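Below is one structure, written out as structure tokens, with a few remarks after it.
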Amino acid sequence: MMKKCLSASALLCLAAAGQAQAQTNVSIYGLIDANVSYNNAGDASGGKQFKVNSGGMNTSRFGFRGTEDLGNGLKAVFQLEGGVILDTGASDGDLFGRQANVGLQGDFGRIVGGRSYSTSYDFILPFDPMGYAPQYSWATSAGATGARKDGLLTTASNLLKYQYDGQGYKLGATYAFGETAGNTSAGAKYVLGASAFDGPWAVVGTYEQNNAALAANGQYDQSKAFQLAGTYSVGEVKTFVGYRNYKKSLASGAAEQQSDMLWLGVSYGFAPNWNLTGAYYTQNIKNVAAGKDADPSLLSVRVKYAFSKRTDLYVAAGYAKAKNGQLTGVSRDDAGFANSQSSGTVGIQHRF
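Okay, here's the thing in structure tokens:
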């Protein structure tokens, strides 16, 4: 009789363990993107450059994400994500410098804490025709005058991020703690976002304030930006429009930096598995000494063939130009070496 009871208890334990396992879901995911590219102004002397590059459509990355069912519609969620420079195999920063967060999800929405993409990034990304392509999109930031980028807040540490997905709309907010002793504002970041969609159209708006660390004089740089964007689809054609107004006050007391960014684009599925995308980005730099503003612009085009839902082959090209001898380039990350640059690339991307 005792053996039967013990056997029954063991079966109950195994059943409970199996049930707990069924409620937990952990997955490994990633994106691998490599290409061979050509630039006509690859160095300060204007030399032509051929190279194997990482990220022609999207930056390469890997990560882990998971959920656990806690009952009554409540779930625990987590995500860890790091970037990879594919042509060298190196990390593009900290091991999980893109995302490292944990939180809860339920009928109230989703809230996470740690490091993550900002609400601006999450909400504006679907409205960039080139999908934040590292070499051929300036939606996140552009080469402006000097070292200026005048872009949106992409990621933040020490944050709390909330998102609610409703029927035909979604809302989001990000707050990143500055963690400066004696000054709760220094280093803090605030983002609000809202999006609505119905059938062929979608619109989005975000506002952000980014406070830098304290300077020696006890002040800090502060940037503010609001962004509006929309899409409209007719059959296999999808049109895009986006706008960003950017202002930055400086701790040094120098004149406020200002700029406006505008982008337009169209995507056309012209045959099964084939897609053609074109985009134009232009930035109006303000409050710069006469003859010193760059006002850069970028024209991009891409043809993509989908071998499957996970693997794409693409050919892309771009032309960037700036005024008044300022430096610019097709990449949002790499330094520019001339007042114009032409580039072309052939690449492959795989998601897993």
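Under mature numbering (1 follows the signal peptide of the UniProt record, and there is no 0), residues -22 to -1, 1 to 330 are what the sequence shown spells out, in order.
Positions of the beta carbon are idealized from the N, C-alpha and C atoms, including for glycine.
Given the structure is predicted, the values throughout are model-derived calculations rather than measurements.
Between the CA atoms of residue j and residue i - distance to the nearest angstrom
i: residue 377; j: F330; result: Here the chain has residues from -22 to 330 only, and residue 377 is not among them.
i: Y168; j: A191; result: 14 Å
i: E214; j: I63; result: 33 Å
i: Y142; j: G183; result: 15 Å
i: R288; j: L52; result: 31 Å
i: F204; j: N13; result: 33 Å
i: R280; j: N36; result: 13 Å
i: I326; j: N161; result: 47 Å
i: K148; j: A272; result: 36 Å
i: D65; j: L130; result: 27 Å
i: D47; j: D238; result: 45 Å
i: S278; j: E157; result: 40 Å
i: S321; j: G256; result: 15 Å
i: N18; j: A151; result: 42 Å
i: K301; j: R222; result: 20 Å
i: K282; j: G296; result: 15 Å
i: Q(-4); j: Y16; result: With a pLDDT of 46 at Q(-4), under the threshold of 50, the predicted position of this residue should be treated as unreliable, and no value is reported.
i: Q319; j: V308; result: 7 Å
i: Q(-2); j: Y95; result: Because the pLDDT of Q(-2) is 49, which lies under 50, any placement of that residue in the model is unreliable, and the number read from its coordinates should be weighed accordingly. Computed Cα separation, rounded: 29 Å.
i: K299; j: T306; result: 6 Å
i: K226; j: F285; result: 44 Å
i: L276; j: R39; result: 26 Å
i: D72; j: N50; result: 36 Å
i: G303; j: K270; result: 8 Å
i: residue 388; j: F28; result: What the structure shows of the chain is the stretch from -22 to 330, and residue 388 is not part of that stretch, so it cannot be assessed.
Beta-carbon separation (whole angstroms), residue i vs residue j, contact threshold 8 Å
i: S135; j: R93; result: 5 Å
i: G67; j: G41; result: About 17 Å; that fails the 8 Å criterion.
i: P178; j: V212; result: 7 Å
i: G171; j: S98; result: 6 Å
i: G91; j: L138; result: 5 Å
i: I10; j: H328; result: 5 Å
For residue i: DSSP bridge partner residues
i: residue 337; result: Residue 337 lies beyond the stretch modelled for the chain, which goes from -22 to 330, so this question has no answer here.
i: V181; result: A174, G208
i: D143; result: K148
i: V308; result: Per DSSP, none; premise fails for V308.
i: T45; result: N3, V55
i: G34; result: Its beta-bridge partners do not exist; DSSP assigns none.
i: F40; result: G8, G60
i: D290; result: A284, Q327
i: F248; result: Per DSSP, none; premise fails for F248.
i: N238; result: It should be pointed out that residue 238 corresponds to Asp in this sequence rather than to Asn. For D238, which the question treats as bridged, DSSP gives the partners N223, N262.
Whether residue i touches residue j by CB criterion (7 Å)
i: Q57; j: N79; result: yes
i: Y198; j: A154; result: no
i: T260; j: A294; result: no
i: G146; j: D176; result: yes
i: G33; j: V55; result: no
i: S69; j: R310; result: no
i: V181; j: G208; result: yes
i: N189; j: A164; result: yes
i: Y210; j: T217; result: yes
i: Y140; j: I89; result: yes
Closer than 6 Å: residue i CB and nearest the ligand MG heavy atom
i: D199; result: Because no ligand of any kind appears in the structure shown, any question about the ligand MG cannot be addressed here.
Do three or more CB pairs link the segment 11 to 27 to the segment 313 to 320 at distances below 8 Å? Segments in contact, yes.
Mind the definition here: the segment 257 to 275 touches the segment 231 to 248 only if three or more C-beta pairs lie below 8 Å; say whether that holds. The segment 257 to 275 and the segment 231 to 248 touch, with no fewer than 3 CB-CB distances between them shorter than 8 Å.
Taking 8 Å as the threshold, find out whether the segment 90 to 109 comes into contact with the segment 240 to 247 through three or more Cβ pairs. Taking 8 Å as the limit for Cβ pairs, the verdict is that the segment 240 to 247 does touch the segment 90 to 109.
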